Structures are given as C-alpha cells and as structure tokens.
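Beneath this line is the structure, given in structure tokens, with notes to follow.
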Amino acid sequence: MPNFKPFLSLIALAFSTYGHAAPFEFSATMGGQTQSSRHTDAEQSVNLFYKQAIKPGSIFSNYTGKEAVTSTLNFRGLPIIITYPDGGSKLVFSIPSTGLNKTFQGRTREQSQALFLKYFSSTPDILSEPSTHLLELSPIDLIAGNSNSLMSRGVSNDAQTLWFGSKAAADEQRFSVGINYTHMQSSATAQARAMSSDGITLPLAYAYNLGAANHELIVSAPLGYTDAEGSKSYDANLGLSYRYPVNSNWTLSATGSARFTGSNDLGTSAWIGSAAIGSSYVWEGDGWHLTLGNMLGYYNVFNMHVDNSTFNPDIANTVFRNGLFYSLDSQWEVSGDPLSWEIYLINTQYTGTKLFSNHQNEIGVSFGQQRTEPNSNIDFRGGVSYSKGENLESWQINFGAWF
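Encoded structure:
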C-alpha cells in the first residue's frame, strides 16, 4: 500500500475545521452505483476513503479499472473530491471551495496514484492555505467560529473576568469553581449542512485582592470538553488578569492567556495566545444596578499540529465584546447578602480571519448575589442565556461561585 501519510495530514486539517450523523462522511459513485458511510474518527475515515477513492475495487466488486469513479469526502460540509473522470488513467483531486484542482496523469491508474501521493509528500505547505479557508466554512471547528470553539470560550471567559472579577474583600484570597453547558446549532449554508455540538466548561480561578475593592490579580484555568457530531475534543487555558479601580464605579482591567485545544478523533491540536483590555462602569440606585462592560481583545492561533505537520496557520482575530447588565434586588438574602435578578445583553464582533460566525448577540437572565459588592461567604450566581449570530444559535446554562 502506498504511503498515505501526506494525504492524511490534509484530511486531518480539514477535520479540524468541519461534519452529522457523524462528522466525517464519504461516498463513491460508479455507473449508477453509490456506496457511502459515516465515521467519527479521522484516521479510520481517511483509510476507508483511500480504498474507495484510490482503489475503487475495494468497494465495487465489479470494478475493472476502466470505469469512471467519483469519490467525495464531506469534511463537516466541505467537499473534497477524487475522481477518475473517464475510462482512462487520469486522476483529478479538487477542493472546490478553495479553488484547488490538480490532475495526475500516468500511463496507468497505479502510476497516477503514485504521482498523486508524491505531490503531497513534496508540498508540505499545501496545509497552510486550507487551514484559514476551511475555518470560514466549518460549523463545528474546535479552534474558532462557533460557540463551543476554543476562541469563543476564551472571549467569554476573558470578558467575565475583566468585567466582574472575584469581589474579594481587601487582602482576601478567593477561589472559583463552576460549570457551563452550551448547545450550539448551526444553520445550513451553501457549503455545509446544519450541524450541532455540545460543550461543557469548568471555569476554575484564583484571585488575590491587592488592598481595595476591585483591585486584584486573578489566575484563570478553565477546562473544556466538546462533543461535535460524535467527535470529542478538549481544551485548557491559563491566564493572568489584573483589575484596577479608577473609582468606586469604574474598573479598568487587562488579561493575557495561553490556550490549547486538541482532539484525537479530529487528528488536530492548536495553541492560541491572547491579550485583552476591559472596562466596567456601574450606575446604581435604590435596589438596582446597571453595569456597562466593554472589552477589546486580540486572539492569535500561533501553532497548529495536524498529524505529523506543525505550522503557523495565520489565524488571528481582533474581538470587540460589549455588554449591558441590569440587576434588581430581590426580597431574599443569604447570610445577610442580598440576592438579585439580572438580565443582560451582549454583542460580540470578530474581525480579521473570516470565521463561520463573525458576530453574535446574546440575551440572558441570572440569579444570585450582587455582583457589585463583596459578599461575606460564598458568592454564587446561575443563569441561562440564548445567543443568535451569523449562521448559528446556541443555548447555555451556567453556574459559578467564588469562595
């Protein structure tokens, strides 16, 4: 069997940025006959595709080597095609959405196969261009462009930390734990069918107050898990944030983070480095508070590993996130601390690398202790939210506590 590793790298890259029923689907057509299957594992899918596309006799028992055969891999909506267009030896490889189209012509189909594999072996940089183009088309990419991607989780976590902090008292240390569940559903597009993913995030953090309300250092280390059409991925983050109170109502803040995501199923891993600045301003009255949160962040995918290839994929986004939070005190208290209802609206805009979803609006409601005042014991808040954005929508349930 020829060495198929170079092609596996390209396939795995496509997997990192696209797939239900299962994320990886392929079909082969010959003389009116069609065979198809669906899978959740990248390498298994590629091996089966190899048998279908390069050697159609492995799936069509009546294949003689003279038939026209078309094999299509659906990488989460992105078609990648290998075809023998006629009864001759010519092999054509194409990714229509990227404009890539290559013809390999040997005296026999076996020679065309060898030319095809040699092309990938000698062209390692062919991975770079699809990595950014596929990112724009993928509804369930683990890196960016949807509610359960690493970049989206980073943006949400950064904003939450910069705007609200821990509410620790002077010189106090606090720890945070929580759990967030997000279900994302994409819309069908010209390139990709409708797909979904489910994600769980554990937002873990440590805060140390520097002697005044809202003056603190926060170390964040959230962990994440995603099931995207049956394929599993994991992510982790380590960030450091600083919050400085300009006055009792206005807090400025900054953060920097390194983030990692990886998936054995998808055959891909990536690192994101990020930096962001934020501002939160609070207006308050008798039993109510109105908070305006603003954040500007830069998120850069500086390292990507696909199979045995590591490269800089040139993916970078400047993100604008702005939120308005209105809270109203309730009649209930916990340990003398008032509980409040809160309704909020958040708008997020991504510029830079084109993503599957470049903007979202979120509306939510939460219930818990006041965000604006230090609380004596455990500070908790839980809620639900709904987001609607370009090509997708999502629902979230969240709970978190500082203690």
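Heads up: take any position in the sequence shown, counting from 1, add 144, and you land on my numbering. Quick reminder that beta carbons are idealized off the backbone N, C-alpha and C, glycines included. Here the structure is a predicted model, which is why all the values come from computation and not from measurement.
Requested in this report: State yes or no: is the C-beta of Leu-382 within less than 7 Å of the C-beta of Ala-398?
Outcome: No.
Query raised in the report: Given a threshold of 16 other Cβ atoms within 10 Å of its Cβ, counted over all protein chains shown, does Tyr-443 qualify as buried or as exposed?
Result: Under this definition Tyr-443 is a buried residue.
Requested in this report: Kindly indicate if chain D contains any beta-carbon less than 7 Å away from that of Thr-435.
Outcome: The structure shown contains no chain D; it holds only a single protein chain.
**Report entry** Per DSSP, the bridge partner or partners of Asp-481
**Finding:** Residue pairing for Asp-481: DSSP places it in a beta bridge opposite Val-478.
Report task. Whole angstroms is fine: what's the gap from Tyr-350's alpha carbon to Ile-239's? Result -> Their Cα atoms are separated by approximately 47 Å.
Query - Best match in Asn-461, Ala-303, Asp-342, Leu-536 for proximity to Gly-422 [C-alpha to C-alpha] - result: Distances from the CA of Gly-422 to each of Asn-461, Ala-303, Asp-342, Leu-536 were compared; the closest alpha carbon is that of Ala-303.
Query raised in the report: Between the C-alpha atoms of Gly-201 and Gly-417, what's the straight-line distance to the nearest angstrom?
Result: Each residue's alpha carbon lies about 47 Å from the other.
**Report entry** In chain order, each alpha helix (DSSP H) run of at least 4 residues that lies wholly inside the stretch 277-327
**Finding:** Given a length threshold of 4 residues, each whole run of the alpha helix (DSSP H) inside the stretch 277-327 is given here in chain order: 294-308.
Requested in this report: For His-277, I'd like the list of residues in its chain whose CB is within less than 8 Å of its CB, leaving aside the five on either flank, ordered along the chain.
Outcome: Short of 8 Å from the beta carbon of His-277, and not among the five residues preceding or following it, lie these beta carbons of its own chain, in chain order: Ser-241, Thr-242.
Requested in this report: State buried or exposed for Ser-291, treating a residue as buried only when at least 16 other CB atoms are found within 10 Å of its CB.
Outcome: Result: buried.
Requested in this report: Assuming Leu-348 and Val-321 form a contact by the criterion Cβ under 8 Å, report the distance between their Cβ atoms to the nearest whole angstrom.
Outcome: So it is a contact: roughly 6 Å between Cβ atoms.
**Report entry** DSSP state of Glu-506 mapped onto helix, strand, coil
**Finding:** Here Glu-506 sits in strand by DSSP.
Query raised in the report: Are there three or more Cβ pairs, one per stretch, closer than 8 Å when the stretch 479-486 is compared with the stretch 498-513?
Result: Output reads yes: the stretch 498-513 touches the stretch 479-486.
Report task. Could you tell me which of Phe-404, Ala-419, Ala-420 sits nearest to Ser-413, measuring between CA atoms? Result -> The shortest Cα separation from Ser-413 among Phe-404, Ala-419, Ala-420 belongs to Phe-404.
Query raised in the report: Are the stretch 294-314 and the stretch 249-256 touching by the rule of at least three beta carbon pairs closer than 8 Å?
Result: In short, these stretches do not touch, since the Cβ pair count stays below three.
Requested in this report: Please name the residue in Ser-471, Trp-415, Val-213 whose C-alpha comes closest to that of Phe-446.
Outcome: Trp-415 is the residue among Ser-471, Trp-415, Val-213 whose C-alpha sits nearest the C-alpha of Phe-446.
Report task. Report the residue ranges of all beta strand (DSSP E) runs contained in full by the stretch 206-240; include only those spanning at least 3 residues, in chain order. Result -> DSSP assignment within the stretch 206-240 yields the following whole beta strand (DSSP E) runs of 3 residues or more, N-terminal first: 213-219, 222-228, 235-239.
Requested in this report: Look at the alpha carbon of Leu-154 and the alpha carbon of Ala-288, and state the distance between them as a whole number of angstroms.
Outcome: Model confidence at Leu-154 stands at a pLDDT of 44, short of 50, so the residue's coordinates are unreliable; what they give is reported in the following sentence. Answer to the nearest angstrom: the Cα atoms are 19 Å apart.
Query raised in the report: Run through DSSP, which three-state label would Gly-374 get?
Result: DSSP places Gly-374 in the coil class of the three-state scheme, outside both helix and strand.
Query raised in the report: Beta-carbon separation of Ser-407 and Leu-286 under 7 Å?
Result: In this structure, the beta-carbon distance from Ser-407 to Leu-286 falls below 7 Å.
Query raised in the report: When DSSP labels each residue in this structure, what does Leu-259 get in the three-state scheme?
Result: In this structure, Leu-259 counts as helix in the three-state DSSP scheme.
Query raised in the report: Under 7 Å between the Cβ atoms of Ile-186 and Gly-400?
Result: The residue asked about is misnamed: residue 186 is Ala in this sequence, not Ile. No.
Query raised in the report: Are the Cβ atoms of Gly-427 and Leu-472 separated by less than 7 Å?
Result: In the sequence under discussion, the amino acid at residue 427 is Trp, which differs from the Gly named in the question. It is not a contact, given that the beta carbons lie outside the stated cut-off.
Query raised in the report: Under a three-way DSSP split, which group does Pro-200 fall into?
Result: DSSP places Pro-200 in helix when its eight states are reduced to three.
Requested in this report: Find out if the Cβ-Cβ distance for the pair Leu-222, Leu-281 is shorter than 7 Å.
Outcome: By the CB criterion at 7 Å, Leu-222 and Leu-281 fall inside the cutoff.
Report task. Would you kindly work out how many angstroms separate the C-alpha atoms of Asp-230 and Arg-220, rounded to a whole number? Result -> The alpha-carbon atoms of Asp-230 and Arg-220 are separated by roughly 28 Å.
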